[in-house]
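What follows is a short report on a single structure.
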């Protein structure tokens, strides 16, 4: 290098490059802006725009309004009815207690012993003599008849039979409602009631009376069967 050489300033070079680049940018911008205006002018033409309303579908008819409910009837004022006080209920009548008569004990009477009559025969008459005939002898007196043998007494015991019959037949008159007397015959042997036979009275009570009598505890002395009549009365209390 010679002594006269001086290095160039690099900052000036950069400034020159920047100016050149700026010019290029301005040229390009000018070209672009001008062409854009021309393009806008070419495209800019009157455009007719018509707004056509599309037909709307018909609105459905609104549903008919619900029928109005009739107004509630005005309440009528309460009527005051003067009624007599209800009669006091009468006390229920007690259930009629069956009227039970004491059983009549029938004891078969023993057959009385047959009366024995004793007759005395007259002596044979002697042959007739010359003497006058003697008066006839008086007829013999009849022997008195023997008394019948006394009847044997038979004891029949039915303890508490009235209470048994009352409790068993307490509601029968209310159920049947017939007034009358039922007569039955009880056949007893030892301490057992063999049979209860109705004899008379309302038939509606027969079965109830038979069931009630069979609940009795009767005892008879001896081994023979005895028949005991019993009468039960049904009356309105």
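Numbering (the numbering used here), first residue to last: 16 to 252. Glycine is no exception: its CB is placed at the ideal position from the N, C-alpha and C atoms.
Three-way DSSP call (helix, strand, coil) for residue i in this model
{"i": "residue 186", "result": "coil"}
{"i": "residue 179", "result": "helix"}
{"i": "residue 66", "result": "coil"}
{"i": "residue 45", "result": "helix"}
{"i": "residue 248", "result": "strand"}
{"i": "residue 95", "result": "At residue 95, the pLDDT of 49 sits below 50, so the modelled position is not reliable; the number obtained from the coordinates is stated separately. Three-state DSSP puts residue 95 in coil, outside helix and strand."}
{"i": "residue 234", "result": "strand"}
Residue i vs residue j beta-carbon contact at 8 Å
{"i": "residue 241", "j": "residue 203", "result": "yes"}
{"i": "residue 172", "j": "residue 234", "result": "yes"}
{"i": "residue 216", "j": "residue 195", "result": "yes"}
{"i": "residue 188", "j": "residue 239", "result": "no"}
{"i": "residue 193", "j": "residue 224", "result": "no"}
N- and C-terminal bounds of the alpha helix (DSSP H) containing residue i
{"i": "residue 204", "result": "Taken as a continuous stretch (DSSP letters only), residue 204 belongs to no alpha helix (DSSP H), being part of the beta strand (DSSP E) at 195-204."}
{"i": "residue 227", "result": "221-229"}
Residue range of the beta strand (DSSP E) that includes residue i
{"i": "residue 216", "result": "Here residue 216 belongs to no beta strand (DSSP E), and DSSP marks it neither H nor E."}
Cβ shell of residue i (< 8 Å), same chain only, five flanking positions each side left out
{"i": "residue 228", "result": "180, 199, 201, 208, 211, 245"}
{"i": "residue 226", "result": "183"}
{"i": "residue 36", "result": "none"}
For residue j and residue i, believed in contact at Cβ under 8 Å, the rounded distance
{"i": "residue 280", "j": "residue 220", "result": "As displayed, the chain neither begins before 16 nor continues past 252, which places residue 280 out of reach and without an answer."}
{"i": "residue 170", "j": "residue 236", "result": "5 Å"}
Residues near residue i by beta carbon distance below 6 Å, same chain, minus five either side
{"i": "residue 206", "result": "234"}
{"i": "residue 71", "result": "none"}
{"i": "residue 231", "result": "173, 176, 179"}
{"i": "residue 80", "result": "none"}
CB contact below 8 Å: residue i versus chain B
{"i": "residue 34", "result": "In the displayed structure, chain B is absent; only one protein chain is listed."}
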